[in-house]
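Under the UniProt record's numbering, the letters of the sequence shown match residues 1 to 294, in that order.
Built from N, CA and C at the ideal position, the CB exists for glycine as well.
Each remark here refers to the structure printed beneath this line.
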Amino acid sequence: FSDSHNLWWDYMAASFHSWLQEPGRLVFIAKIKDRVVALESALLVDGGETVVIQGLRVVPDLRGQGVAGALHKHLTDYIRHHHPEVRTVRRSRGDQPSAQTLTKYRLTAEEAIVSLCCESTNLGPFITELRSKLLVQTNSRGPVTLNQQQADALILTDHVVSNLLPGQTMINNWEPLKPMEANLEVLHRRNLMWIADREVEPTAVSLCTPPHGLQYRQDALRININIFGQSLPSVCSVFLAQLEALLPSLHGYLIFLIFVHPELWPGLRQFCQNKAGVSFFKDYWEVVFLEADF
Numbered sequence: 001f002s003d004s005h006n007l008w009w010d011y012m013a014a015s016f017h018s019w020l021q022e023p024g025r026l027v028f029i030a031k032i033k034d035r036v037v038a039l040e041s042a043l044l045v046d047g048g049e050t051v052v053i054q055g056l057r058v059v060p061d062l063r064g065q066g067v068a069g070a071l072h073k074h075l076t077d078y079i080r081h082h083h084p085e086v087r088t089v090r091r092s093r094g095d096q097p098s099a100q101t102l103t104k105y106r107l108t109a110e111e112a113i114v115s116l117c118c119e120s121t122n123l124g125p126f127i128t129e130l131r132s133k134l135l136v137q138t139n140s141r142g143p144v145t146l147n148q149q150q151a152d153a154l155i156l157t158d159h160v161v162s163n164l165l166p167g168q169t170m171i172n173n174w175e176p177l178k179p180m181e182a183n184l185e186v187l188h189r190r191n192l193m194w195i196a197d198r199e200v201e202p203t204a205v206s207l208c209t210p211p212h213g214l215q216y217r218q219d220a221l222r223i224n225i226n227i228f229g230q231s232l233p234s235v236c237s238v239f240l241a242q243l244e245a246l247l248p249s250l251h252g253y254l255i256f257l258i259f260v261h262p263e264l265w266p267g268l269r270q271f272c273q274n275k276a277g278v279s280f281f282k283d284y285w286e287v288v289f290l291e292a293d294f
């Protein structure tokens, strides 16, 4: 479904089969004759009151011909009929929504993406270089890795929800969730690595997805790191800690997407300037999160 321009970041090949088995997820496929031409998915969250729309794909030769609209209408009609308890719809997109889109959706949160790429052999020297930039630390104890129980408790605290989460939204990769107990099971399925600058009232909390393969190169891996907080030193600190945790297990060609508050993008990008052979994959890039009544 992906055109060549998007092969480098497309997660569909790595996600599709797990999506088919995930509780609360619906996957809709459009076919013309015997050919699969489009796909879209819906994930029920917030205790069944919200649906997150994800993964729209249409084969390149049929784009702009109404296939996406027909599939989305079928998805919407199905959910209304079979899940009448749904009250809200959320979605994310990697570009600025049009004025027409904003008449239908509320903009709830934004994140900017710093994208890096390198051979795995460059990651160790890159980490060493970043460490040298963080020698002067206000928090001498450094970041802490959270177990599942600690992470569950922390992300539901008023401090984290009100002060760190963008738009009071829990975002894993491109997946927006309300910070509530009913959604913890969704996060548990993602096998995330949680690191905060401190365990109590942190100024930065991060989560990292397990690496997954890409079609960009046979040995390419994509790693997504979401960092919540507006303190640049704390964000840099937990980012470095995530890289240190990943280092022993990574091989091949690596692509990192680091999601941060848009105001921190220039500072994090400057922090990542290096002589270790790690490059920037793309320039400034945002993901926006939209919500509407269903």
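When the beta-carbon positions are compared, Ile32 and Trp285 stay at least 9 Å from each other. Shown here for Gly252: same chain residues with a beta carbon closer than 7 Å to its own, the five before and five after excluded, namely Ser120, Asp219, Ala220, Leu221 in chain order. Assigned with DSSP and collapsed to three states, Tyr78 falls in helix.
Between Val67 and the set Arg93, Leu39, His82, the nearest pair of CA atoms involves Leu39. Residue environment analysis places Lys178 among the buried positions, since at least 16 neighbouring C-beta atoms fall within 10 angstroms of its C-beta. Taking one beta carbon from each stretch, the stretch 54–71 and the stretch 101–118 have fewer than 3 pairs nearer than 8 Å; the two do not touch.
With fewer than 16 other Cβ atoms inside 10 Å of its own Cβ, His74 counts as exposed. In the structure shown, Gly252 adopts coil according to DSSP, grouped into three states.
Considering only Ala276, Val89, Pro23, Asn224, the residue with the shortest C-alpha distance to Asp293 is Val89.
Within the DSSP secondary-structure output, Phe294 pairs in no beta bridge. Check the Cα spacing between Cys208 and each of Ile255, Met180, Ala182: the tightest is with Ile255. Between Ile127 and the set Val287, Leu290, Lys282, Asn274, the nearest pair of CA atoms involves Asn274.
DSSP places Trp285 outside any beta strand (DSSP E), giving it a letter other than H or E. Of Gln168, Asp46, Val58, Asp283, the smallest CA-CA separation from Phe228 is found for Gln168.
The beta carbon of Gln96 is closer than 8 Å to those of Glu286, Val288 in its chain, skipping five residues each way along the sequence. In this structure, the straight-line span from the alpha carbon of Ser206 to that of Leu268 is close to 14 Å. The shortest C-alpha to C-alpha distance from Ser237 to any of Ile195, Val36, Leu246, Pro266 is the one to Ile195. At least 9 Å separates the beta-carbon of Pro211 from that of Ile225.
Excluding the 5 residues flanking it on each side, Phe281 has same chain C-beta neighbours closer than 7 Å at Ser115, Leu116, Cys117, Ile255, in chain order. Look at Pro233 here: in three-state DSSP terms it is helix.
Here DSSP, grouped into helix, strand and coil, assigns Arg269 to helix.
In this structure, the CA atom of Ala30 is about 10 Å from the CA atom of Val59. In the structure shown, Gly55 falls within a strand segment according to DSSP collapsed to helix, strand and coil. Residue nearest to Arg87 within the set Ala245, Ile79, Gly94 is Ile79 (criterion: CA-CA distance).
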